[in-house]
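Residue numbers (my numbering): 556 to 620.
Here's the structure we're looking at; comments come further down.
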């Protein structure tokens, strides 16, 4: 709803506040890729590895990114 009715900044803030949810982390990584913020992409992927270390499939996903 925020993406549809709010501003881009509001949507990004909401995503960042809920970064612990895998789909939101993926969305933010995609935004950073588009903005060519590769350092931030790496940081988000490394944080994802730490957060999801008990889920092998997710860790592999973050390593691939």
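Glycine residues also receive a C-beta, built at the ideal position from the N, C-alpha and C atoms.
Values in this document were obtained by computation on a predicted structure and should not be read as measured data.
With contacts defined as CB atoms closer than 8 angstroms, residue 564 and residue 557 fail to qualify as a contacting pair. Between residue 570 and residue 600, the CB-CB gap reaches or exceeds 8 angstroms. The region 564 to 616 is shown to contain whole alpha helix (DSSP H) runs of 4 or more residues at 577 to 589, 593 to 606, in chain order. Only residues of its own chain outside the window of five on either side were considered, and among them 607 have a CB closer than 6 angstroms to the CB of residue 613, listed in chain order.
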